[in-house]
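In this note's numbering, the protein residues as written are 17 to 271.
Every residue gets a Cβ at the ideal spot worked out from N, C-alpha and C, and that includes glycine.
All values derive from a computational prediction rather than experimental measurement.
Laid out in structure tokens, this is it:
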């Protein structure tokens, strides 16, 4: 016998005894929903099936029980099976508890002060040109040029001072009328508990200004969900070699 809603019931007889095998073809969620009723359903179905094969012994109460269960199954199938669209939406974005990401802690504000060394000269420069300025542009700002950096960050202005991290990323000349750079770099720290954590800076750097301000757009490790800003002040610059030392003060909210 085959019933609606993908219930398939196979009836076998052995020595006048009815053996009933029930096969459920449903999503896993439906199987879980029906599992508390499965024993009762099997018992009722066995009696009903036997009575269906032997109509003379059919009892109306068994038939009503079986009909009620099938009606309940139809309602459950309609209401419990999620649509594929809902599944896709849930998998892509869903709200979560802040505590799972450690955001139940109090947010704190920290200041970091260090010196950023842009070394263009010597046998092992930390700043190299990866895209030179276009030859057809005759500008004093090197508009269009890009430099990749792995600049040391030290506690003091001397390069021999204690190393606390590296500034890794690039800066590009983004102005035709002034010496202005687009800065995109990670401040990767190696000092103390901040070892392995980074602060990400992305913003405009008008290099000839005494103090330049750039936003902190994020971070990793101890600086997840970081926000704030950085102030850069040129400590010294060698116009012949292009080497420079810049003082950075970074103010950042983090957990």
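With a contact defined as Cβ atoms closer than 8 Å, residue 246 and residue 217 qualify at about 5 Å. Considering only 132, 123, 137 and 183, the residue with the shortest C-alpha distance to residue 256 is 137. Residue pairing from DSSP leaves residue 155 without any beta-bridge partner. A Cβ-Cβ distance of about 4 Å is found for the pair residue 268 and residue 244, placing them in contact under the 8 Å criterion.
Distance between residue 188 and residue 220, taken at the CA atoms: about 10 Å.
At the C-beta level, residue 182 and residue 173 stay beyond 8 Å of one another. Bounds of any beta strand (DSSP E) do not take in residue 121, whose DSSP letter is neither H nor E.
DSSP, reduced to helix, strand and coil, places residue 131 within a strand of the structure shown.
In the DSSP assignment, residue 229 forms a beta bridge with 247.
In this structure, residue 194 and residue 224 form a Cβ contact; the two beta carbons are roughly 7 Å apart against a cut-off of 8 Å.
Nearest Cα to residue 176 within the set 121, 233 and 131: 131. As computed with DSSP, residue 236 is found in a beta bridge with 214. Under the three-state reduction of DSSP, residue 241 is assigned to coil, being neither helix nor strand. Residue 212 counts as exposed, since fewer than 16 other C-beta atoms from the protein chains shown sit within 10 angstroms of its C-beta. Judged by DSSP secondary structure, residue 267 falls within the beta strand (DSSP E) whose first and last residues are 260–270.
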